[in-house]
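Numbering (the working numbering), first residue to last: 9 to 118. Written below as structure tokens is the structure these notes are about.
Right, dumping it as structure tokens:
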């Protein structure tokens, strides 16, 4: 197990180019002070990163609610990765319960 860990750490993931019409996965991560998006493609060897982008939140963005931060991360990624979104089917994944948040309008407080 230690040798596998050493090998994994010594070979950092290199960004790869997706094949035509390949399904891509966009992983959104949200923390208090930042949002990030990672575009991944799945291969027989496992998941390979295509693109990674993060944004530090500043000023009023720090006070956004969780659902607003997720939306901000998606908009931020869509603006930067538009050419990937147009050429490929993209599945958005996050560890946040978006479906339950969208079903409860009182969560936005408006």
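A virtual CB, placed ideally from N, CA and C, is assigned to each residue, including glycine.
Residue burial classification, residue i (beta-carbon count within 10 angstroms, cutoff 16)
i, result
"residue 77", "buried"
"residue 34", "buried"
"residue 94", "exposed"
"residue 6", "Any property of residue 6 remains undetermined from this structure, which presents the chain solely from 9 to 118."
"residue 58", "buried"
"residue 96", "buried"
"residue 17", "exposed"
"residue 9", "exposed"
"residue 32", "buried"
Bridge-paired residues (DSSP) for residue i
i, result
"residue 18", "Paired residues: none, contrary to the question."
"residue 70", "Paired residue(s): none; residue 70 is not in a bridge."
"residue 32", "49, 98"
"residue 37", "44"
Residue span of the beta strand (DSSP E) that contains residue i, given as start and end
i, result
"residue 60", "54 to 64"
"residue 47", "42 to 51"
Among the options, the one whose alpha carbon lies nearest that of residue i
i, options, result
"residue 41", "32, 63, 35, 89", "63"
"residue 37", "69, 82, 97", "82"
"residue 87", "12, 23, 58, 45", "45"
"residue 21", "55, 27, 11, 10", "55"
"residue 89", "103, 101, 61, 72", "61"
"residue 103", "17, 31, 43", "43"
"residue 47", "26, 53, 65", "26"
"residue 101", "67, 53, 66, 49", "49"
Closer than 8 Å to chain D by CB, residue i
i, result
"residue 47", "Of the protein chains in the structure, only one exists, and it is not chain D."
(message) At 3 residues or longer, what runs of the beta strand (DSSP E) sit wholly inside the region 73 to 110?
(response) 98 to 102
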